[in-house]
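Convert by adding 301 to the 1-based position in the sequence shown; the result is the number in the numbering used here.
The block underneath contains the structure these notes are about, expressed in structure tokens.
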Amino acid sequence: LGLAQRGYVVLSFDPISQGERQQYGDEGFDLECRARSQDDDPDGDSASKTPSCNGVGPACSSAHNHFGKQLWLLGRGAEEIFVRDAQLALSILEELPWVDTQRMGAVGCSGGGMLTAYLGAVDPRVEAAAVACYFSTLGRELESGTCNYDAEQILWGMAKYGIDKPDMLRARAPKPTAVLLTSHDCFPFDGGREGFEEVERAFWAHGD
Numbered sequence: 302l303g304l305a306q307r308g309y310v311v312l313s314f315d316p317i318s319q320g321e322r323q324q325y326g327d328e329g330f331d332l333e334c335r336a337r338s339q340d341d342d343p344d345g346d347s348a349s350k351t352p353s354c355n356g357v358g359p360a361c362s363s364a365h366n367h368f369g370k371q372l373w374l375l376g377r378g379a380e381e382i383f384v385r386d387a388q389l390a391l392s393i394l395e396e397l398p399w400v401d402t403q404r405m406g407a408v409g410c411s412g413g414g415m416l417t418a419y420l421g422a423v424d425p426r427v428e429a430a431a432v433a434c435y436f437s438t439l440g441r442e443l444e445s446g447t448c449n450y451d452a453e454q455i456l457w458g459m460a461k462y463g464i465d466k467p468d469m470l471r472a473r474a475p476k477p478t479a480v481l482l483t484s485h486d487c488f489p490f491d492g493g494r495e496g497f498e499e500v501e502r503a504f505w506a507h508g509d
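What follows is the structure, encoded as structure tokens:
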């Protein structure tokens with residue numbers, strides 16, 4: 302909203318099995334988190350109350366892990382669905398006549414930070430990226446992280462091939478990239494600083 306108020310063209314979409322984008326119907330009530338509606342008001346008087354931003358249902362990781370584990374059995378990963386969603390969003394923006402396709406970017410926090418890191422690493426259309434509340438190193442996360450990782454945050458074969466979070470940003474060098482860290486996040490702050498310093502060297506190597 303803040304970006305839109307500043308004149309940017311913004312496209313925000315619900316990830317699969319979150320918000321209004323439900324996949325499993327009534328049978329998936331114990332799997333999917335969703336936006337609160339009038340039907341969720343036990344008093345039946347939602348119209349007269351201020352709408353709530355709180356969701357209902359289990360943690361969003363429940364559904365993500367449900368289909369993510371099924372994809373692992375096929376040697377694939379949930380991150381492929383998430384990245385493809387984001388790439389299609391970029392394609393939609395490209396078709397809008399008032400969008401400058403040479404100045405497109407991505408920004409996200411938590412799961413959105415993850416997706417921004419992925420998208421910025423693989424899609425050259427992302428000229429600028431801001432990754433918030435996601436960035437760290439796997440080593441630090443294993444030592445002191447407290448996050449409940451969704452399936453899409455675990456790339457298939459990442460340990461085998463030595464892929465770490467800083468690699469996502471290194472792949473973008475030298476394009477503009479911002480990393481936002483918080484001191485009370487489940488992603489270790491020390492890991493974020495270490496990863497940033499590691500990536501910074503790659504950007505300097507490009508002369509920026």
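Think of the CB as a built atom: it goes at the ideal place given N, C-alpha and C, for glycine as much as any other residue.
Taking the C-alpha atoms as reference points, what is the distance between G412 and L397?
-> Whole-angstrom Cα-Cα distance: 26 Å.
Give every residue of the same chain whose Cβ lies closer than 7 Å to the Cβ of L372, excluding the five residues on either side of it in the sequence, and list them in chain order.
-> G378 and A379
Coil, strand or helix - T483 by DSSP | coil
Element boundaries [beta strand (DSSP E), containing G378] = First-last for G378: undefined, no H or E at that position.
Leaving aside the five residues before and after L439 along the sequence, list all residues of the same chain whose C-beta is less than 6 Å from its C-beta, in chain order.
-> Here the set comprises D465.
Return the CA-CA distance between L443 and W399, expressed in angstroms with no decimal places.
-> 45 Å
Beta-carbon gap between H365 and D451 smaller than 8 Å | yes
Measure the CB-CB distance between Y512 and M459 and report whether it falls below 8 Å.
-> Outside the shown range of the chain, which is 302 to 509, sits residue 512, and nothing can be said about it.
Would you call E395 buried or exposed, if buried means 16 or more other Cβ atoms sit within 10 Å of its Cβ?
-> Residue burial annotation: E395 is exposed, with fewer than 16 other C-beta atoms found within 10 angstroms of its C-beta.
Coarse secondary structure for A431, derived from DSSP in three states | Strand, per DSSP.
What are the start and end residues of the beta strand (DSSP E) that includes V408?
-> G406 to C410 is the extent of the beta strand (DSSP E) around V408.
Coil, strand or helix - T417 by DSSP = Shown here, T417 sits in a helix according to DSSP, grouped into three states.
Taking the Cβ atom as the reference point for each residue, do P475 and G508 lie within a distance shorter than 8 Å?
-> In this structure, P475 lies near G508, with their beta-carbon atoms less than 8 Å apart.
Output the residue ranges of the beta strand (DSSP E) runs that lie fully inside the region 453-481 and measure 3 residues or longer, sorted by chain position.
-> 478-481
Does at least one heavy atom of the ligand ATP sit under 7 Å from the Cβ of E444?
-> In the structure shown, the ligand ATP is absent, as is every other ligand, since no ligand is present at all.
Alpha-carbon spacing of L302 relative to G308, whole angstroms = 10 Å
Any idea if H462 is buried or exposed, counting beta-carbon neighbours within 10 angstroms, 16 or more meaning buried?
-> It is worth fixing the name first, because residue 462 is Tyr in this sequence and not His. Y462 is exposed by the Cβ-count criterion.
List the endpoints of the continuous alpha helix (DSSP H) containing W505.
-> F490 to A506
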